[in-house]
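So the structure is just underneath, and the comments pick up after that.
Residue numbers (this note's numbering), protein chains in the order written: chain A, 211 to 467; chain B, 219 to 405; chain C, 6 to 371.
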């Protein structure tokens, strides 16, 4: 089979979502953001809701999400995406509103907005990509940085005594009555990506049924920030991140697992 | 006609609501009105005061230094506002709890025993209406029927059954106000 | 047809917002403006017009909720008082940068810091000189009566949507807390979702249909694009100066001395004009209704006629700088104002004119 054969439509085995633009992704090769974007767009496309979906982009690596997702998006101030999404969902109750946020945005500067949007049970979807580091600003410590993990602001490794423990935001919000669905997923293998997509779909279904807030954490890698090859970073993630941030459903249909 | 009034006393004496009823009454007779309260924690247990202006013209400053009339319901307010009555103006006060009676001779001073009258009527809450009646006797800036209309406007519907009692209190106040002169002061 | 009521400034503003067909209010309680959200919660505008009212977890959340609803072309309002506005400034800068229409109300109290809950005009600089980060300005309306607290809501939204820019209503504790007669306009219908989409489809994020996707952001990583954005903003501000300047003159025709004052101070200065005239001093008042745009030319021209100008403000001297810039040293300009929540009386204002302007003039002449 030569190249011309390979690119024939009938031989195609994978393509990006129709709702992804043709702009080149600005993420580092090996980063999970591209897959998380694509899965989200696939779900919106398959549900046929793109005309009724409004996205809220954060500050952080995915600040430019609007360059890649071919839907209407407003980009929020750092940490405020849940407040922005609250107002959109309240004034357009028939729309599908989601935020796409990283760990610095959602679990540090935006902690108050996250907790209160969850507590009010806003009818929105929050997609939370947790890679344990501040990627965009050059690898500083995040609230989710693991104990002992090195970053440019924890150059000798995170010390619990002075820097606190890695924050399990997802478990925290699961305890709030307003939150309907909480799950933790990953996207670094096909198997994980398929499960993550199912979870994202369930979340948008919840919006359609006006069930309240769905919260999906995606534990991901940051090979640049972690100073590893993409493959090394995925192995490191499985060995170090997953034990502390275990994958799986935490709350389904309003009931804690 | 412009009438500039300060009403001052303790929080809970109905100072602000008396001012509000006066302002509503002014509206009932097509006057311009303003009601400028002191607000915030100083009102809780401390002094409360409100500046009410009734005028046939557009009102400029809602905040004033001198007044045509001062209605004074406690000692702190007496200390603060006796001097702010314009020469020839009116100072009406409730003598209960006043230790330092007014001493000015260039103004007209009146007393109303609002506490005693409202207690006799069996409802301390109409104290401020007794005082309002006394004021209206001295200076009929607004007509009684407009005060009743003003009461209807400012009171929630569920309190409208109390309007006759308020009217009675106003009338009692009108009939009980006394001119105070330095000579007849009881030492 | 309109309805006559006796209301506090804060309540009149809230009622006017319902009647102006505002889609949403997001706020957080703070003295002396809590009556705005209290009134709205009591009135249940959700039942009356479908207007959304939400008490946010903070002023920061509230202003970002405003950003969210404004992104979709809805008419959205927030209100606060000085410390709360400081918290909102980041969001206000984002609104300006992302070119979103919204109305923000500041019922000013004294500062800095937690300061006092009593009236003040010490947020003039914050309001007209940016406040938040970056090259932006706010269109600033300064009401001086309860009637204007009501009327300016609709005026503010007209400007906000004309320019797709945030507008500030700069009030203070005196105007917010006092009651006056107010004529309220009849209820305006809120726009339907379809009407909002039709009107704002060129920019608002309401769901991508057959058009290009709409993006709301204040970010331009390419410097040339960012400079173009800043230039676009500056052009709006120039147009505001040409088309939407508002001011009021009181007894200026033959005035020899001029007070310049806005909001509550303008009311007090108006009385000072009356007191001055009763004493034979020909005083007048210029009241800027918009603080940006500022009546620079009017002041420049009046400076040819008057002998001196007193800027009367409830602060330690802020607007006086703009008065001085406007009159370009043609005549002496001084400041008078009380701070800490103390309100100057008309008598004090007149005395300050005599001491700082009229008497000094004698000294200058000798």
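Cβ coordinates follow ideal geometry from the N, Cα and C atoms, glycine included.
Under 7 Å from the C-beta of residue i: neighbouring residues of chain C
{"i": "residue 261 of chain A", "result": "212, 213, 214"}
{"i": "residue 273 of chain A", "result": "224"}
{"i": "residue 334 of chain A", "result": "The contacting residues do not exist; residue 334 of chain A stays about 10 Å from chain C at best."}
{"i": "residue 326 of chain A", "result": "62, 66"}
{"i": "residue 305 of chain A", "result": "212"}
Contact check, residue i vs residue j, beta carbons under 8 Å
{"i": "residue 176 of chain A", "j": "residue 292 of chain A", "result": "In this structure chain A extends from 211 to 467, so residue 176 of chain A is not present and cannot be described."}
{"i": "residue 417 of chain A", "j": "residue 306 of chain A", "result": "yes"}
{"i": "residue 318 of chain C", "j": "residue 345 of chain C", "result": "no"}
{"i": "residue 139 of chain C", "j": "residue 98 of chain C", "result": "yes"}
{"i": "residue 94 of chain C", "j": "residue 76 of chain C", "result": "no"}
{"i": "residue 280 of chain C", "j": "residue 315 of chain C", "result": "no"}
{"i": "residue 292 of chain B", "j": "residue 315 of chain B", "result": "yes"}
{"i": "residue 392 of chain A", "j": "residue 406 of chain A", "result": "no"}
{"i": "residue 22 of chain C", "j": "residue 33 of chain C", "result": "no"}
{"i": "residue 357 of chain A", "j": "residue 370 of chain A", "result": "yes"}
{"i": "residue 296 of chain B", "j": "residue 352 of chain B", "result": "no"}
{"i": "residue 361 of chain C", "j": "residue 184 of chain C", "result": "no"}
{"i": "residue 36 of chain C", "j": "residue 91 of chain C", "result": "no"}
{"i": "residue 176 of chain C", "j": "residue 113 of chain C", "result": "yes"}
{"i": "residue 287 of chain A", "j": "residue 327 of chain A", "result": "no"}
Within chain A, the residues that residue i reaches when beta carbons sit closer than 9 Å
{"i": "residue 218 of chain C", "result": "231, 276, 279, 280, 281, 282, 283"}
{"i": "residue 59 of chain C", "result": "296, 297, 300, 330"}
From the options, residue whose alpha carbon lies closest to that of residue i
{"i": "residue 347 of chain A", "options": "A:271, A:369, A:418", "result": "A:271"}
{"i": "residue 325 of chain B", "options": "B:278, B:397, B:233, B:236", "result": "B:397"}
{"i": "residue 465 of chain A", "options": "A:361, A:357, A:282, A:388", "result": "A:388"}
{"i": "residue 455 of chain A", "options": "A:313, A:225, A:290", "result": "A:313"}
{"i": "residue 46 of chain C", "options": "C:208, C:134, C:20", "result": "C:20"}
{"i": "residue 163 of chain C", "options": "C:202, C:270, C:230, C:107", "result": "C:107"}
{"i": "residue 402 of chain A", "options": "A:430, A:222, A:352, A:446", "result": "A:430"}
{"i": "residue 257 of chain B", "options": "C:8, C:182, C:90, C:115", "result": "C:182"}
{"i": "residue 421 of chain A", "options": "A:462, A:219, A:337", "result": "A:462"}
{"i": "residue 251 of chain C", "options": "C:257, C:201, C:220, C:144", "result": "C:144"}
{"i": "residue 147 of chain C", "options": "C:160, C:135, C:360, C:141", "result": "C:160"}
{"i": "residue 452 of chain A", "options": "A:376, A:302, A:439", "result": "A:376"}
{"i": "residue 300 of chain B", "options": "B:373, B:225, B:394", "result": "B:225"}
{"i": "residue 285 of chain A", "options": "C:220, C:274, C:347", "result": "C:220"}
{"i": "residue 437 of chain A", "options": "A:218, A:343, A:289, A:425", "result": "A:343"}
{"i": "residue 227 of chain C", "options": "A:241, A:222, A:274", "result": "A:274"}
{"i": "residue 374 of chain C", "options": "C:196, C:351, C:218", "result": "This structure gives no information on residue 374 of chain C, because the portion of chain C shown stretches from 6 to 371."}
{"i": "residue 273 of chain B", "options": "B:246, B:266, B:255", "result": "B:246"}
{"i": "residue 329 of chain C", "options": "C:134, C:340, C:365", "result": "C:340"}
{"i": "residue 290 of chain A", "options": "C:350, C:83, C:96, C:79", "result": "C:96"}
Listed by chain order, chain A residues near residue i by CB distance under 7 Å
{"i": "residue 139 of chain C", "result": "What residue 139 of chain C touches in chain A: nothing, since even the nearest Cβ is about 13 Å away."}
Interface partners of residue i on chain B, CB under 8 Å
{"i": "residue 293 of chain C", "result": "By Cβ distance, chain B contributes nothing, its closest Cβ being about 17 Å from residue 293 of chain C, past 8 Å."}
{"i": "residue 40 of chain C", "result": "Near residue 40 of chain C there are no residues of chain B at all, since even the closest Cβ is about 10 Å away, more than 8 Å."}
{"i": "residue 50 of chain C", "result": "Correct list: empty, because the minimum Cβ distance to chain B is about 19 Å."}
{"i": "residue 359 of chain C", "result": "Within 8 Å Cβ-Cβ: nothing; residue 359 of chain C doesn't reach chain B, min ~15 Å."}
Chain-ordered neighbours of residue i on chain C, where CB pairs are closer than 8 Å
{"i": "residue 290 of chain A", "result": "65, 66, 69, 72, 96"}
Residue-chain proximity (residue i, chain F), Cβ-Cβ < 8 Å
{"i": "residue 206 of chain C", "result": "Here the protein chains are A, B and C, and chain F is not one of them."}
Closer than 9 Å at the beta carbon, the chain C residues around residue i
{"i": "residue 246 of chain A", "result": "None at all; the shortest Cβ gap to chain C is about 19 Å."}
Closer than 7 Å at the beta carbon, the chain B residues around residue i
{"i": "residue 348 of chain C", "result": "281"}
{"i": "residue 352 of chain C", "result": "283"}
Item to check | Chain-ordered residues of the segment 70 to 91 of chain C with a beta carbon less than 9 Å from chain A | outcome: Listed by position along the chain: 70, 71, 72, 73, 74, 75, 76, 77, 79, 81.
Item to check | Cβ-based contacts, 8 Å cut-off: residues of the segment 11 to 37 of chain C near chain A | outcome: The residues in question are 28, 29, 31.
Checklist entry - Just by C-beta distance, which residues in the segment 227 to 258 of chain B are closer than 8 Å to chain C? => result Of all residues in the segment 227 to 258 of chain B, the ones placed with a Cβ closer than 8 Å to any Cβ belonging to chain C are 238, 241, 242, 245, 250, 251, 252, 253, 254, 255, 257, 258, in chain order.
Next on the checklist: If we require 3 or more residues per run, which beta strand (DSSP E) segments fall completely within the segment 147 to 223 of chain C?
Outcome noted: Runs found: 171 to 177, 184 to 190.
Item to check | Against chain A: residues of the segment 221 to 239 of chain C by CB proximity under 7 Å | outcome: Residues passing the 7 Å Cβ filter: 221, 222, 224.
Next on the checklist: To be precise: take each residue of the segment 260 to 284 of chain B, compare its Cβ to all Cβ atoms of chain C, and keep it if any distance is under 7 Å. Which residues remain?
Outcome noted: Interface annotation for the segment 260 to 284 of chain B against chain C: 278, 279, 280, 281, 282, 283, criterion Cβ-Cβ distance under 7 Å.
Next on the checklist: So if I threshold CB-CB distances at 7 Å, which residues from the segment 255 to 279 of chain C count as touching chain B?
Outcome noted: Cβ contacts with chain B: 272, 273, 275, 276, 279.
Checklist entry - What residues in the segment 176 to 208 of chain C bring their beta carbon closer than 7 Å to a beta carbon of chain B? => result The residues in question are 179, 182, 183, 184, 185, 186.
Checklist entry - At a Cβ cut of 9 Å, what residues of the segment 145 to 175 of chain C count as close to chain A, listed as they run along the chain? => result Listed by position along the chain: nothing, the set is empty.
Checklist entry - Which runs of the beta strand (DSSP E) spanning at least 3 residues fall entirely within the segment 217 to 269 of chain A, listed in chain order? => result Runs of the beta strand (DSSP E) inside the segment 217 to 269 of chain A: 263 to 267.
Next on the checklist: Quick check on the DSSP output: what are the complete alpha helix (DSSP H) runs of length 4 or more inside the segment 313 to 395 of chain A, in order along the chain?
Outcome noted: Within the segment 313 to 395 of chain A, the complete alpha helix (DSSP H) runs of at least 4 residues are 321 to 330, 370 to 373, 379 to 384.
Item to check | Length at least 3, wholly inside the segment 264 to 328 of chain C: the beta strand (DSSP E) runs in chain order | outcome: The qualifying runs are 288 to 293, 295 to 297, 313 to 317.
Checklist entry - Between the segment 94 to 125 of chain C and chain A, which residues of the former have CB atoms less than 7 Å from a CB of the latter, in chain order? => result Legend: CB atoms of the segment 94 to 125 of chain C lying less than 7 Å from CB atoms of chain A belong to residues 95, 96, 99.
Next on the checklist: Give me the subset of the segment 391 to 409 of chain A whose CB atoms are less than 8 Å from a CB atom of chain C, sorted by chain position.
Outcome noted: None of the residues of the segment 391 to 409 of chain A has a beta carbon lying less than 8 Å from any beta carbon of chain C.
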